[in-house]
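Trainee: Following this message is one structure expressed as C-alpha cells.
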Amino acid sequence: MSTAQRGRAVMARFSLGLQSLDDETEPVELPVSGCLPEWLNGTLLRNGPAKFEAGATGFRHWFDGQAMVHRFAVDGGRVRYANRYLDTPSSRAVLTEGRIRYQEFATDPCRSLFARFFTPFQRARPANPNVNIARFGDRTVALTESPLPVEFAPDTLATVGVVEYDDRLGGQLTTAHPHQDPVTGDLVNYVTHFSRRSEYRVYRQRPDGTPRRELLGRHRVDEPAYMHSFAITSRHVVLVEFPLVVNPFRLLLSGRPFIENYRWKPERGTRFVVMDREGGQVRAVLRGPACFAFHHINAWEDGGRLFIDLCAYDDAAVIEALSLDSLRGGDALPQAMPTRFALEPEAGTVTAQPLAAESLELPRIAYRRHNGRPYRYAYGVGSRDRRTDDFFNQLVKLDVGDGGTLLWHEEGCYPGEPVFVAAPPGAGRDGAEDDGVVLAVVLRAATASSYLLALDARTFRELARAEVPHAVPFGFHGIFLREDRARDVG
Ligand SMILES: [Fe+2]
C-alpha cells in the first residue's frame with residue numbers, strides 16, 4: 018500500500034475529529050474509571066472548532082470551524098461535562114442562517130470589491146474565538162488572532178460578549194497566546210498594526226481585568242510575519258519572525274483569504290527580535306535558519322544568552338496540510354520537532370539544536386512556576402514513529418535536559434493538547450516540577466466518542482478516564498481553573 022493509500026485509510030479513523038458537532042450538552046455526569054486525585058478540584062475548559070459547514074458551503078481549514086467550548090468540572094473524583102457554541106455574529110450567521118458572513122483564517126465570505134477594500138485596515142476581523150481561553154482578572158475570555166476577546170461564563174458557558182478595549186493601541190492581528198508575567202501577573206501580548214508603516218506593538222494588561230492595554234514597545238516592519246505565539250523571559254520579549262511574511266497591501270487588495278496573502282521567503286532566515294520588557298527598546302535582531310512554528314514551548318535567559326524552545330517545522334507547508342481537504346484526503350502531515358535556539362546578542366549569533374527524536378506539538382509546561390525560567394519538562398502531542406500519514410496519535414512527556422521521552426498511546430485514539438495541572442502544596446509528593454496530572458481529551462475512533470484522560474505527570478501512566486457521550490472535534494487549547502476560579506494552576 019502506498020503512503021497516500023495508507024494515509025487515506027488512516028484518515029477514515031481520525032476524520033471524526035473533523036466533523037461538526039451539533040449537540041450542545043447540558044451538564045451531565047460522566048462515567049469515570051480509575052481514580053482521579055482527591056486534590057483535583059476545578060474546571061478544565063477547552064476551546065476549538067466544531068462547525069465546519071455553513072449551509073451548503075464548507076470552511077476550507079481546520080482553523081476556520083466555529084468556536085465551541087467544552088467544560089469538564091472535576092470534584093471529589095467525579096466529572097461533569099457540558100459543551101456549547103460561543104454566540105458570536107460569525108457563529109449566528111453559520112448556525113442559524115447557514116451563511117459565512119465574516120472572514121476566517123483561510124475562508125472568505127463572498128464580498129464586494131468595495132467591502133473588501135475598506136475592511137482590512139480599518140478594524141479587526143470579527144472574532145470566531147476558537148483558539149484559546151484566558152483570564153482577564155475575573156473574566157474568562159475566548160481568544161483568536163483577531164484582537165476581539167469574547168467573554169463567556171465559565172459555569173454555564175453562556176456568551177457575555179466581546180470585550181471592548183478602553184485604549185488606542187490599534188492593531189488588526191494578535192496572538193491567542195498571551196503570556197502572564199510570573200511576578201506581576203500582567204498579561205503580555207502584541208498586536209500587528211498593518212499600514213503603510215506597519216509595526217508590532219507589544220503591550221501589557223494589568224491583572225485586575227481592566228480592559229486597557231499599555232504599550233511596552235514597538236518595532237517597525239515592512240512585511241509583518243505570521244507569528245502564532247511568542248516568548249518572554251525575565252527581562253525580554255522575543256518575537257520570532259518566521260519567514261512567512263505579508264505585504265500589507267496584498268492583504269488590502271488581493272481579495273484572497275487572510276493566510277493566503279502570506280509568502281514563504283526562506284532567504285530572510287528567521288529573525289529573533291529581542292525587546293527589553295522595561296523600556297521597550299529593541300536590544301537586538303538576530304538571524305537564524307529559516308523555519309516555521311506555531312508554538313513556543315518556553316524561553317529563559319542565562320547571563321547574556323537567551324534560549325528559545327520551539328515546536329519547529331522545516332517550513333510553513335503545515336498550514337496547507339491542516340486544510341480540511343488535505344487532512345480528509347490523507348495528505349502527509351509535516352512533523353514539528355522540539356528545537357532549542359540559543360541566542361547570543363553580543364556575538365550576534367543563533368544556534369539551533371534538536372531537543373528530542375519525537376515530534377511535539379500543542380506544548381504545555383508547568384507554566385506558573387517555570388514560564389520564562391529554566392525548566393525540565395514539556396508535554397505535548399506527537400505522531401507515533403514520526404509517521405506523516407496519521408494525525409496526532411500519542412502524548413509525549415519530554416525531558417528537555419536529556420531528550421528523554423515518556424509516551425502514552427492507545428490504538429485508534431487521538432489525544433489533544435495535554436494540560437499540566439500542578440498538585441497543590443502538601444497534596445502531592447514533593448513539589449517537583451512534574452508533581453501533578455496531565456489532562457487531555459482523547460478521540461476514540463472505534464466507538465465514535467471521546468474521553469477525558471488523566472495521566473500521572475511523573476510516570477505518564479493513566480490514573481483515570483471519563484467517557485464523553487459523543488466525539489469531541491479536535492480542539493486547540495484550554496485552561497484548568499482551580500475551584501475558586503481565581504487562576505490557572507498549570
Ligand atoms: Fe495555538
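FYI, the numbering for the sequence shown is 18 to 507, going by the numbering used here.
We put the CB at the ideal spot given by N, CA and C, even for glycine.
At a threshold of 7 Å, does residue 193 count as lining ligand 1 (C-beta to nearest heavy atom)?
Mentor: Locating residue 193 in the sequence shown gives position 176, counting from the first residue. For ligand 1, at least one heavy atom lies less than 7 Å from the Cβ of residue 193.
Trainee: Taking DSSP's pairing of strands, which residues face residue 281 in a bridge?
Mentor: Mapped onto the sequence shown, residue 281 falls at position 264. Bridge partners of residue 281: 261.
Trainee: Please tell me whether, using a cut-off of 7 Å, the distance from the CB of residue 163 to the nearest non-hydrogen atom of ligand 1 is below it.
Mentor: As a first step, residue 163 is located in the sequence shown; it is residue number 146 there, counting from the start. Not so, every heavy atom of ligand 1 lies at least 7 Å from the Cβ.
Trainee: Span of the beta strand (DSSP E) holding residue 481?
Mentor: Here residue 481 corresponds to residue number 464 of the sequence shown, with the count starting at 1. 479-484 is the span of the beta strand (DSSP E), which, as asked, contains residue 481.
Trainee: Could you spell out where the alpha helix (DSSP H) holding residue 336 opens and where it closes?
Mentor: If you number the sequence shown from 1, residue 336 lands on position 319. Counting along the chain, the alpha helix (DSSP H) containing residue 336 begins and ends at 334-338.
Trainee: Apart from the five residues on each side of it in sequence, which residues of its chain come closer than 7 Å, Cβ to Cβ, to residue 174?
Mentor: For the purposes of this step, residue 174 is identified with residue 157 of the sequence shown, where counting begins at 1. Only 86, 88, 99, 101 meet the Cβ criterion.
Trainee: Can you tell me the Cα-Cα spacing of residue 193 and residue 36, whole angstroms?
Mentor: Counting from one through the sequence shown, the residue named residue 193 turns up at place 176. Counting from one through the sequence shown, the residue named residue 36 turns up at place 19. When rounded, the distance between both Cα atoms is 23 Å.
Trainee: Less than 8 Å between C-beta atoms, sequence neighbours within five positions excluded: which residues of the same chain meet that for residue 180?
Mentor: In the sequence shown, residue 180 corresponds to position 163, counting from 1. Taken in chain order, the residues that qualify are 153, 156, 158, 165, 166, 167, 168, 228.
Trainee: Unbroken beta strand (DSSP E) runs of length 3 or more, entirely within the segment 418-479: which are they?
Mentor: The segment 418-479 contains these whole beta strand (DSSP E) runs: 422-425, 430-432, 436-439, 453-461, 466-473.
Trainee: Enumerate in chain order the residues of its own chain whose CB-to-CB distance from residue 315 is below 6 Å, with the five nearest sequence positions on each side excluded.
Mentor: In the sequence shown, counting from the first residue as 1, residue 315 sits at position 298. Within the same chain, residue 315 has close Cβ partners 326, 382, 392.
Trainee: Going by the CB atoms, is the gap between residue 467 and residue 485 shorter than 8 Å?
Mentor: Indexing the sequence shown from 1 puts residue 485 at position 468. Indexing the sequence shown from 1 puts residue 467 at position 450. Yes, these two residues count as a Cβ contact at 8 Å.
Trainee: My output table needs one value for residue 276: the three-state DSSP class, helix, strand or coil.
Mentor: One-based indexing of the sequence shown puts residue 276 at position 259. Looking at residue 276 - three-state DSSP - the assignment turns out to be helix.
Trainee: Would you give the residue range spanned by the beta strand (DSSP E) that residue 380 belongs to?
Mentor: By 1-based counting over the sequence shown, the position of residue 380 is 363. 378-381 is the span of the beta strand (DSSP E), which, as asked, contains residue 380.
Trainee: Is the segment 371-379 close to the segment 410-417, with three or more CB pairs under 8 Å?
Mentor: Counting Cβ pairs under 8 Å, three or more are found: they touch.
Trainee: Near residue 455, which residues of its chain fall below 6 Å by C-beta distance, leaving aside the five closest residues on each side in sequence?
Mentor: Locating residue 455 in the sequence shown gives position 438, where the first residue counts as 1. Closer than 6 Å at the Cβ level, and outside the excluded window around residue 455, lie 396, 435, 437, 472, 474.
Trainee: When you measure from the CB of residue 196 to every non-hydrogen atom of ligand 1, does any distance come out below 7 Å?
Mentor: Mapped onto the sequence shown, residue 196 falls at position 179. Flag unset: Cβ of residue 196 not near ligand 1.
Trainee: To test your reading of the DSSP string, which unbroken alpha helix (DSSP H) runs of 4 or more residues are found completely within the segment 53-128?
Mentor: Those alpha helix (DSSP H) runs which fall completely within the segment 53-128 and span 4+ residues are 106-109.
Trainee: Whose CA, out of 451, 442, 457, 491, lies closest to the CA of residue 465?
Mentor: Within the sequence shown, residue 465 is the residue found at index 448, counting from 1. Of the listed residues, the one whose Cα sits closest to residue 465 is 491.
Trainee: If you reduce the DSSP assignment to three classes, tell me which class residue 130 lands in.
Mentor: Walking along the sequence shown from the start, residue 130 turns up at place 113. Residue placement at residue 130 is flagged as unreliable, the pLDDT there being 45, under the threshold of 50; the coordinate-derived value follows with that caveat. Looking at residue 130 - three-state DSSP - the assignment turns out to be helix.
Trainee: Do residue 15 and ligand 1 come close, with the Cβ less than 7 Å from some heavy atom?
Mentor: Shown here, the chain extends from 18 to 507; a query on residue 15 therefore has no answer.
Trainee: The beta strand (DSSP E) with residue 210 in it runs from where to where?
Mentor: In the sequence shown, residue 210 corresponds to position 193, counting from 1. From DSSP, the beta strand (DSSP E) with residue 210 extends over 204-210.
Trainee: Pair every Cβ in the segment 340-347 with every Cβ in the segment 277-292, then say whether three or more of these pairs are closer than 8 Å.
Mentor: With the cut-off at 8 Å, the segment 340-347 and the segment 277-292 do not touch.
Trainee: Closest to residue 75 by C-alpha separation, out of 234, 115, 244, would be which residue?
Mentor: For the purposes of this step, residue 75 is taken as residue 58 along the sequence shown, with counting starting at 1. The candidate whose alpha carbon is nearest that of residue 75 is 115.
Trainee: I need the straight-line Cα distance from residue 94 to residue 63, nearest angstrom please.
Mentor: Taking the first residue of the sequence shown as 1, we reach residue 94 at position 77. Taking the first residue of the sequence shown as 1, we reach residue 63 at position 46. Going by the C-alpha atoms only, they are around 19 Å apart.
Trainee: Does DSSP put residue 415 in a helix, in a strand, or in coil?
Mentor: Within the sequence shown, the letter at position 398 stands for residue 415. Three-state DSSP puts residue 415 in a strand.
Trainee: If you run the structure through DSSP and keep just helix, strand and coil, what is residue 220?
Mentor: As a first step, residue 220 must be located in the sequence shown, where it is residue number 203. Correct three-state label for residue 220: strand.
Trainee: When the distance is taken between beta carbons, is residue 253 closer than 8 Å to residue 291?
Mentor: Locating residue 291 in the sequence shown gives position 274, where the first residue counts as 1. Locating residue 253 in the sequence shown gives position 236, where the first residue counts as 1. Their beta carbons are under 8 Å apart, which means residue 291 touches residue 253 by this criterion.
Trainee: Check this for me: beta carbons of residue 58 and residue 92, under 8 Å apart or not?
Mentor: As a first step, residue 58 must be located in the sequence shown, where it is residue number 41. As a first step, residue 92 must be located in the sequence shown, where it is residue number 75. Cβ distance < 8 Å, so residue 58 and residue 92 count as in contact.
Trainee: Rounded to the nearest angstrom, what separates residue 6 and residue 420 at their Cα positions?
Mentor: No information on residue 6 is available, as it lies outside the stretch 18 to 507 that the chain covers here.
Trainee: Give the DSSP-derived three-state secondary structure of residue 51 in the structure shown.
Mentor: The residue labelled residue 51 in the question sits at position 34 within the sequence shown. Looking at residue 51 - three-state DSSP - the assignment turns out to be strand.
Trainee: Is the segment 398-411 in contact with the segment 37-50, if contact means three or more CB pairs nearer than 8 Å?
Mentor: Taking 8 Å as the limit for Cβ pairs, the verdict is that the segment 37-50 does not touch the segment 398-411.
Trainee: How about residue 494: is its Cβ closer than 7 Å to a heavy atom in ligand 1?
Mentor: By 1-based counting over the sequence shown, the position of residue 494 is 477. At least one heavy atom of ligand 1 is nearer than 7 Å to the Cβ of residue 494, so yes.
Trainee: Give me the residue from 319, 496, 433, 453 with the minimum Cα distance to residue 362.
Mentor: Taking the sequence shown and counting its residues from 1, one reaches residue 362 at position 345. When only C-alpha atoms are compared, the closest one is 319.
Trainee: Do residue 208 and residue 191 have their C-beta atoms closer together than 8 Å?
Mentor: For this step, residue 208 is matched to residue 191 along the sequence shown. For this step, residue 191 is matched to residue 174 along the sequence shown. Closer than 8 Å, so yes.
Trainee: Taking DSSP as the reference, what is the three-state secondary structure of residue 341?
Mentor: By 1-based counting over the sequence shown, the position of residue 341 is 324. Helix.
Trainee: Taking just the CA atoms, how far does residue 379 sit from residue 66?
Mentor: For the purposes of this step, residue 66 is taken as the residue at position 49 of the sequence shown. For the purposes of this step, residue 379 is taken as the residue at position 362 of the sequence shown. When rounded, the distance between both Cα atoms is 15 Å.
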